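*Asks:* Be aware that the sequence shown starts at 102, since it is given in our numbering, and climbs by one per residue. Using N, Cα and C, we set each Cβ at its ideal position, and we do this for glycine too. In this text, all values refer to a predicted model and were calculated from it rather than measured experimentally.
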Amino acid sequence: MKLFGKLFGKSARDEAARHRTPRHGQPDEQGADRPLFRDQVAGQGGDHPGGPGASSVDPAGAGGIGFGAPSQEASSMPVCTRCGHRNAEASRFCSNCGAPLRGGVPERASETTSTISISGLEAYEAEATGQTALPSLSPEAQAAVDALPLGSALLVVRRGPNSGSRFLLDGELTTAGRHPQSDIFLDDVTVSRRHVEFRRNADGSFTVGDVGSLNGTYVNRERIDSVALSNGDEVQIGKYRLVFYASQRGI
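1. Can you tell me the Cα-Cα spacing of residue 242 and residue 333, whole angstroms?
2. Does the Cβ of residue 244 have 16 or more other Cβ atoms within 10 Å, making it buried, or fewer, making it exposed?
3. Counting Cβ pairs closer than 8 Å, one from the segment 292-301 and one from the segment 269-276, do we hit at least three?
4. Return the Cβ separation of residue 292 and residue 341 in integer angstroms, given the expectation that the two are a contact with Cβ distance under 8 Å.
5. Strictly by DSSP, which residues pair up with residue 320?
6. If we ignore side chains and look at the alpha-carbon of each, how far apart do residue 43 and residue 312 end up?
7. Is residue 314 close to the ligand FMN? I mean its beta-carbon at under 7 Å from any heavy atom of the ligand.
8. Which of helix, strand or coil does DSSP assign to residue 137?
9. On the premise that residue 336 lies in contact with residue 256, defined as a C-beta separation below 8 Å, what is that separation, rounded to the nearest angstrom?
10. CB residue 330 to CB residue 259, shorter than 8 Å?
11. Between the Cα of residue 304 and the Cα atoms of 196, 187 and 253, which residue gives the shortest distance?
12. From the DSSP output, read off the bridge partner residues of residue 312.
13. Would residue 339 be called buried (16 or more neighbouring beta carbons within 10 Å of its own) or exposed?
14. Could you give the residue range of the beta strand (DSSP E) that holds residue 242?
15. Let me make sure I understand the geometry here. Which of 268, 280 and 269 has the alpha-carbon closest to that of residue 314?
16. Looking at the secondary structure, which residues open and close the beta strand (DSSP E) in which residue 303 lies?
17. Using a Cβ-Cβ cut-off of 8 Å (strictly less than) and excluding sequence neighbours within five positions of residue 237, which residues of its own chain qualify?
18. Looking at the strands, I want to know which residues DSSP matches up with residue 261.
19. Between residue 182 and residue 202, what straight-line distance do the alpha-carbon atoms span, to the nearest angstrom?
20. In angstroms, rounded to a whole number, what distance separates the CA positions of residue 316 and residue 290?
21. Tell me, which residues are paired with residue 277 by DSSP?
22. So the candidates are 184, 308, 288 and 309; which of them puts its Cα closest to the Cα of residue 264?
23. Let me confirm a value: residue 251 is counted as buried when at least 16 other C-beta atoms fall within 10 Å, else exposed. Which label applies?
24. List the residues that DSSP assigns as beta-bridge partners of residue 202.
25. Quick check: the Cα distance between residue 325 and residue 196, rounded to an integer number of angstroms?
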């Protein structure tokens with residue numbers, strides 16, 4: 102019986118010791134070498150830089166996956182559509198090639214402006230109209246020009262979509278472009294959403310200025326930033342060619 106009690110008593114004591122919670126300050130025999138954190142597991146093999154226990158997460162990239170995303174400042178800098186150079190945020194022209202930069206919110210895919218050259222425009226006109234010389238004003242357009250009040254002007258579309266259309270300039274500022282809220286709405290992909298502005302000066306004369314369009318603005322075949330308009334000047338906006346007629350009253 103004593104031998105039986107010793108054998109089973111020892112087994113009971115061993116079983117109790119196995120489940121007993123270690124006292125404070127005493128190491129757990131089974132858990133003493135067990136790593137508590139995942140970075141300790143990574144550090145034991147020595148495969149990660151930084152020695153044993155080094156974390157596998159780059160602190161500089163915390164919160165991101167892979168390479169960091171571009172900063173908000175970099176993403177807001179306009180990129181030149183001609184040469185790809187990234188320019189300062191407030192730039193209107195590329196500092197690398199001099200091309201005008203489109204400002205404001207970037208156009209969506211359905212609103213992208215198509216580029217066109219002068220030679221391409223002339224080829225388009227010759228194919229569409231079969232003539233190269235500018236036609237004379239229709240009787241209706243001539244009557245509208247003759248009736249212009251003092252301090253106003255008229256733009257007559259001589260080439261391009263909606264040929265023959267007339268637009269009155271009678272305010273201090275008149276905007277033109279493909280944006281639906283433009284004062285002069287020119288619905289063609291060669292026209293930027295905000296393309297040009299016509300301003301009336303104190304003496305009643307008018308000035309046209311490009312506002313960062315993709316294809317630029319031309320007056321009498323010369324690309325301009327801003328220029329005063331004279332009677333009979335031709336203003337080219339994308340595929341549109343408009344002739345400027347100022348009021349002749351008071352002259």
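*Replies:* For this structure:
1. Indexing the sequence shown from 1 puts residue 242 at position 141. Indexing the sequence shown from 1 puts residue 333 at position 232. Between the alpha carbons of residue 242 and residue 333 lies a gap of roughly 13 Å.
2. Position 143 of the sequence shown, counting from 1, holds the residue named residue 244. Counting the other Cβ atoms within 10 Å of the Cβ of residue 244 gives fewer than 16, which makes it exposed.
3. Cβ pair count under 8 Å is three or more, so yes.
4. By 1-based counting over the sequence shown, the position of residue 292 is 191. By 1-based counting over the sequence shown, the position of residue 341 is 240. Confirmed, Cβ separation roughly 7 Å.
5. Residue numbering aside, residue 320 sits at position 219 when the sequence shown is read from its first letter. Partner(s): 323 and 336.
6. Lying before the first or after the last residue shown, residue 43 is absent from the chain, which here runs from 102 to 352.
7. What this structure holds is no ligand at all, so the ligand FMN is not there to describe.
8. Numbered from its first residue, the sequence shown carries residue 137 at position 36. Reliability fails at residue 137, whose pLDDT of 49 lies under 50, so the model's placement of it is uncertain and the value that follows must be treated cautiously. Coil at residue 137, not helix or strand.
9. Numbered from 1 along the sequence shown, position 155 holds the residue referred to as residue 256. Numbered from 1 along the sequence shown, position 235 holds the residue referred to as residue 336. Sure, about 7 Å apart at Cβ, within 8 Å.
10. The residue given as residue 330 occupies position 229 in the sequence shown. The residue given as residue 259 occupies position 158 in the sequence shown. It is not a contact, given that the beta carbons lie outside the stated cut-off.
11. Indexing the sequence shown from 1 puts residue 304 at position 203. Of 196, 187 and 253, the smallest CA-CA separation from residue 304 is found for 253.
12. As a position in the sequence shown, residue 312 is number 211, starting the count at 1. In the DSSP output, where bridge partners are listed per residue, residue 312 has none listed.
13. Taking the sequence shown and counting its residues from 1, the one referred to as residue 339 is at position 238. Classification for residue 339: buried.
14. In the sequence shown, residue 242 corresponds to position 141, counting from 1. Not the beta strand (DSSP E): residue 242 falls in the alpha helix (DSSP H), residues 240-247.
15. Within the sequence shown, the letter at position 213 stands for residue 314. Considering only 268, 280 and 269, the residue with the shortest C-alpha distance to residue 314 is 280.
16. The residue labelled residue 303 in the question sits at position 202 within the sequence shown. Unbroken run through residue 303: none, as it is neither H nor E.
17. Your numbering for residue 237 matches position 136 in the sequence shown. Cβ within range, chain order: n/a, list empty.
18. Residue mapping note: residue 261 aligns to position 160 of the sequence shown, counting from 1. Residue pairing of residue 261 in beta bridges, as defined by DSSP: absent, with no partner found.
19. Counting from one through the sequence shown, the residue named residue 182 turns up at place 81. Counting from one through the sequence shown, the residue named residue 202 turns up at place 101. Distance between the alpha carbons of residue 182 and residue 202: 8 Å.
20. Here residue 316 refers to the residue found at position 215 of the sequence shown. Here residue 290 refers to the residue found at position 189 of the sequence shown. So the two alpha carbons sit approximately 10 Å from each other.
21. If you number the sequence shown from 1, residue 277 lands on position 176. Partner(s): 285 and 297.
22. Sequence index remark: in the sequence shown, residue 264 carries index 163 (1-based). Ranking 184, 308, 288 and 309 by Cα distance to residue 264 puts 288 first.
23. As a working note, residue 251 is residue 150 in the sequence shown. The residue in question, residue 251, is exposed, as its Cβ has fewer than 16 Cβ neighbours within 10 Å.
24. As a first step, residue 202 must be located in the sequence shown, where it is residue number 101. BP columns for residue 202 are empty, so no partner.
25. On the sequence shown, residue 325 is found 224 positions in, with the first residue counted as 1. On the sequence shown, residue 196 is found 95 positions in, with the first residue counted as 1. When only Cα atoms are considered, residue 325 and residue 196 end up about 18 Å apart.
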